[in-house]
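Chains B and V, in that order, give the protein sequences. Counting from 20, one number per residue, gives the positions in the first sequence under our numbering. Counting from 75, one number per residue, gives the positions in the second sequence under our numbering. One structure is given here, and the rest of the page talks about it.
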Amino acid sequence: MHRVLCSVLRARAASRGARAAGFAVALAAAAPLARAQEAAQPKTGQSAVAPAATVAAFREVTDEAGRAVRVPMEVKRIVSLAPNLTETIYALGAHERLAGVTDYCDYPAEAQGKPKVGGAVNPSIEQIVALKPDLVLAQAHGMNRPETVEALERLGIAVYAAQSRTVDGMIESTRRIAGLIGAGESGERTAGDLRARLGELQRRLGGRERRRVLFIVWHEPLITIGRTTFIADALRLAGAEPAVDLEPDWPRLNLEEVVRAQPEYLVFASSHSEAIRGTFEELRERPGWRLVEAVKERRVAVISDAVNRPAPRLVEAIEQLARELHPEAFEDSEKRKAKIEKSAVPRASPGPLAMGSFPFFLLSWPAPRTASVSGPVRGLVEAAAL
Amino acid sequence: MKPLTPKRLARTCAVLSLLLFGAMVLSLRLGAVPVSFADLTVGLGKSLVGAGDQAPSDYRMIIREIRLPRVLLGILVGASLSVAGAAFQALMRNPLGDPYVLGISSGAAVGALLSLIAYPDSSVATLLLAFVGAGATGAGVYFLGRRGGQLDSYTLVLAGIICASFLSAVVIFLMSTLSGPGFRGVAFWLMGDLSTPRPVAHGWFFLILGAAVAAIYTTAADLNLMLNGEQEALHLGVDVTRVKLVVYISAALLTGLAVSVAGAVGYVGILVPHIMRQFYGSDYRVLLPVTALGGAIAIVLADAVARSIVAPMELPVGAITAAAGAPVFLYLLRRRLL
Numbered sequence: 020m021h022r023v024l025c026s027v028l029r030a031r032a033a034s035r036g037a038r039a040a041g042f043a044v045a046l047a048a049a050a051p052l053a054r055a056q057e058a059a060q061p062k063t064g065q066s067a068v069a070p071a072a073t074v075a076a077f078r079e080v081t082d083e084a085g086r087a088v089r090v091p092m093e094v095k096r097i098v099s100l101a102p103n104l105t106e107t108i109y110a111l112g113a114h115e116r117l118a119g120v121t122d123y124c125d126y127p128a129e130a131q132g133k134p135k136v137g138g139a140v141n142p143s144i145e146q147i148v149a150l151k152p153d154l155v156l157a158q159a160h161g162m163n164r165p166e167t168v169e170a171l172e173r174l175g176i177a178v179y180a181a182q183s184r185t186v187d188g189m190i191e192s193t194r195r196i197a198g199l200i201g202a203g204e205s206g207e208r209t210a211g212d213l214r215a216r217l218g219e220l221q222r223r224l225g226g227r228e229r230r231r232v233l234f235i236v237w238h239e240p241l242i243t244i245g246r247t248t249f250i251a252d253a254l255r256l257a258g259a260e261p262a263v264d265l266e267p268d269w270p271r272l273n274l275e276e277v278v279r280a281q282p283e284y285l286v287f288a289s290s291h292s293e294a295i296r297g298t299f300e301e302l303r304e305r306p307g308w309r310l311v312e313a314v315k316e317r318r319v320a321v322i323s324d325a326v327n328r329p330a331p332r333l334v335e336a337i338e339q340l341a342r343e344l345h346p347e348a349f350e351d352s353e354k355r356k357a358k359i360e361k362s363a364v365p366r367a368s369p370g371p372l373a374m375g376s377f378p379f380f381l382l383s384w385p386a387p388r389t390a391s392v393s394g395p396v397r398g399l400v401e402a403a404a405l
Numbered sequence: 075m076k077p078l079t080p081k082r083l084a085r086t087c088a089v090l091s092l093l094l095f096g097a098m099v100l101s102l103r104l105g106a107v108p109v110s111f112a113d114l115t116v117g118l119g120k121s122l123v124g125a126g127d128q129a130p131s132d133y134r135m136i137i138r139e140i141r142l143p144r145v146l147l148g149i150l151v152g153a154s155l156s157v158a159g160a161a162f163q164a165l166m167r168n169p170l171g172d173p174y175v176l177g178i179s180s181g182a183a184v185g186a187l188l189s190l191i192a193y194p195d196s197s198v199a200t201l202l203l204a205f206v207g208a209g210a211t212g213a214g215v216y217f218l219g220r221r222g223g224q225l226d227s228y229t230l231v232l233a234g235i236i237c238a239s240f241l242s243a244v245v246i247f248l249m250s251t252l253s254g255p256g257f258r259g260v261a262f263w264l265m266g267d268l269s270t271p272r273p274v275a276h277g278w279f280f281l282i283l284g285a286a287v288a289a290i291y292t293t294a295a296d297l298n299l300m301l302n303g304e305q306e307a308l309h310l311g312v313d314v315t316r317v318k319l320v321v322y323i324s325a326a327l328l329t330g331l332a333v334s335v336a337g338a339v340g341y342v343g344i345l346v347p348h349i350m351r352q353f354y355g356s357d358y359r360v361l362l363p364v365t366a367l368g369g370a371i372a373i374v375l376a377d378a379v380a381r382s383i384v385a386p387m388e389l390p391v392g393a394i395t396a397a398a399g400a401p402v403f404l405y406l407l408r409r410r411l412l
């Protein structure tokens, strides 16, 4: 999938820009849309006067891959060609108008009940056409192929290609899609909420040393993420950084490099941690892997697979990872809860430890002062539950 | 054909073993953590004596746990595929005789893939199903390749090609219906990859390799006769059908073994035997052991390149063998050596 798509140079330039001046780019990106709306509005006004009401049926926008797209003013039927876009539509509350999704759109669960158009890489063009969409949403980077977009374009279907190389890019993309489908208010609200949550997270993490982590896309062969992926950006926002800094998006890494770099944590993303538990236990037995300190000492963070999808839920995964890697940054809010908990539960038996819940009894332990190798650091919620 | 003496065979094998050792040392030295030749020799020496275990230092652990298993896997895969290739070439009297052309590798890959779906955590199941896949495809191609009760080289090659493409379609079908994040690894795995030597990949895997090569070697003299034509061999008293069966089953076994641990590494089975013929002639009594050693050297070196060319990242070894194999193949072709 990663082989696919789009002018890499442009994407890189865009992501660099976004990182350098997030808001400036955001505003600039939003500008054409705003202009288009302005241009469209007076026409809609005129249409009340003019007998033909179809004059301003379309607006001209530039999508995130830099293509000019004519989108109907009123979008009634949407086809999503990527799981993250399906999620975004649901997050915007516009799922009533979602007419088709891919086979891989599994979140939220009810998305699976929508008509299917096939996979993301090779969706059925015929099926898409048959669904008569006003707008098709595609993910330009790392998901849908440009050929698919072109094929639909030739058939006169409006295709908006989103492209997120950063977390901020995802938020901006959500806002723009919301604007396109007439859910602008919902989009502003979602974007505002996500930005506020990220702001709060940065406030908590401020000044803390970043954890050096190895994000494991797949362990056999070992595949990690490159520095220009949105996942790398998500890691940074969660107070982490890739232990091995690489250029390609999904590099195959030599295991020995992991032993050399000794990441502080391994980060796995999974919808069900059950499988990862098994995998991790297996890795502990493997020659080579057991030379990795983080494996030896079970310093592993298993977070929601939402981190793999540039959709609003990504922020949840970032918060989750931040809690795993920097538990001490969340102590104040947890302490209050812990106090209540303590009064309710006898000290001697902390009670069963559920995955994902915060292990309150750990709070009485000394928090690790440095990012050193040893110590009962967190991530350990998972480890303790393993 | 030069007269074959045990002495000449031993000398030839000794030279190649030395080369293999050199390739191993070179490959063991390459990696993210620098290790000097001196450290390496001391470490290897101690490991060989069994004395190095008290306080293994970092580099020694890295060599023993990461690099050495990989080099050993390379030897296993290289030797298996090369000998399987040489065996098929003799059977078919056709330079294109190769596990890949015959579709046996694809059959093994389908078996391995099915085992990953049914028993995702069992490497033994992967091995067994790859065997079954290779064996079944080998038998299928063998019977499809018969015409008028006789094995016909052209029919066989065509049957093999047809089976190979059909089975590739099956692989692609399985991959596309099951492709999720969990199956990303399989794509690389089927390209031929040594990056994940399984714990089980030693010891008795080498025993299987040894047994299969030995089985083929018992027919080496008969294979020499069969090179001149099956009818001729038959007239000279060779039990052609038995030889074929022994060699086929052994070669399918070798292919299944290689594919189950490293996926479909291409070009080795076709190239190494041809290169070895240039140096040592086509007497199978020499060619088989020499090919086994040559294949091991080839894969160990190819994997050393795969690991170091884009370090700290790596390429699948299949990419290197294909890239290096094509020009060598072309050279042989232009020189009319095939």
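C-beta atoms are modelled at their ideal positions from N, C-alpha and C, and glycine is treated no differently. These numbers were taken from a predicted model, which means no experiment stands behind them.
- By the Cβ criterion, the segment 246-255 of chain B is not in contact with the segment 274-290 of chain V, since fewer than three pairs of Cβ atoms, one from each stretch, lie closer than 8 angstroms.
- For residue 401/V, not one C-beta of chain B is nearer than 9 angstroms to its own C-beta.
- A direct Cα-to-Cα measurement between residue 205/V and residue 218/B gives close to 57 angstroms.
- Runs of beta strand (DSSP E) with 3 or more residues, each lying fully within the segment 162-245 of chain B, are found at 178-181 and 230-235, listed in chain order.
- For residue 137/B, the pairing in a beta bridge is given by DSSP as 142/B.
- Looking at the DSSP output, residue 99/B shares a beta bridge with 156/B.
- Chain V places no beta carbon closer than 9 angstroms to that of residue 134/B, leaving this residue out of the contacts.
- Under a criterion of Cβ atoms nearer than 7 angstroms, the residues of chain V adjacent to residue 279/B are, in order, 106 and 107.
- The residues 178, in chain order, have a CB closer than 7 angstroms to that of residue 172/B in the same chain once the five nearest residues on each side in sequence are set aside.
- A straight-line Cα-Cα distance of about 39 angstroms links residue 222/B and residue 90/B.
- Contact of residue 166/B with chain V is not assigned, every C-beta pair being separated by 9 angstroms or more.
- Here residue 144/V is buried, its C-beta having at least 16 other C-beta atoms within 10 Å.
- A Cβ-Cβ separation of about 19 angstroms leaves residue 286/B out of contact with residue 310/B under the 8 angstroms criterion.
- Residue 157/V and residue 163/V have their alpha carbons spaced roughly 10 angstroms apart.
- Per DSSP, the unbroken beta strand (DSSP E) holding residue 119/B starts and ends at 117-119.
- At a cut-off of 9 angstroms between beta carbons, residue 173/V makes no contact with chain B.
- DSSP links residue 287/B through a beta bridge to 235/B and 321/B.
- Between the segment 360-369 of chain V and the segment 175-185 of chain V there are fewer than three C-beta pairs closer than 8 angstroms, too few to call the two in contact.
- Distance from the CA atom of residue 221/V to the CA atom of residue 298/V, rounded to whole angstroms, is 23 angstroms.
- For chain V, the residues of the segment 103-127 of chain B that bring a beta carbon within less than 9 angstroms of one of its beta carbons are 123, in chain order.
- In summary, no residue of the segment 148-173 of chain V has a CB separated from any CB of chain B by less than 7 angstroms.
- The beta carbon of residue 268/B lies closer than 8 angstroms to those of 21, 161, 244, 245, 247 and 248 in the same chain, with the five residues before and after it left out.
- With contacts defined as CB atoms closer than 9 angstroms, residue 153/B and residue 93/B qualify as a contacting pair.
- Note on the segment 251-284 of chain B: whole beta strand (DSSP E) runs with a minimum of 3 residues are 259-261, in chain order.
- Three or more pairs of CB atoms, one per stretch, sit closer than 8 angstroms, so the segment 282-298 of chain B contacts the segment 317-325 of chain B.
- Spatial neighbours of residue 341/V in its own chain (CB-CB distance under 6 angstroms, excluding positions within 5 residues in sequence) are listed in chain order as 395, 396 and 399.
- Contact check between the segment 283-292 of chain V and the segment 308-327 of chain V: three or more CB pairs, one atom from each, fall below 8 angstroms, which counts as touching.
- Between residue 375/V and residue 100/V, the C-beta spacing is below 9 angstroms.
- Across the set 212/V, 79/V and 388/V, the C-alpha of 212/V shows the shortest separation from the C-alpha of residue 174/V.
- Under DSSP, no beta-bridge partner is assigned to residue 335/B.
- In this chain, the alpha helix (DSSP H) harbouring residue 401/V covers 391-408.
- Chain-order list of chain V residues neighbouring residue 282/B: empty, with the shortest C-beta distance near 13 angstroms, by a criterion of under 9 angstroms.
- For residue 236/V, no Cβ of chain B is located within less than 9 angstroms of the residue's own Cβ.
- Secondary structure of residue 79/V (DSSP, three-state): coil.
- If you look at residue 78/B, you'll find it in the beta strand (DSSP E) that goes 77-81.
- Interface flag for residue 140/V against chain B is set, since a Cβ pair is found closer than 9 angstroms.
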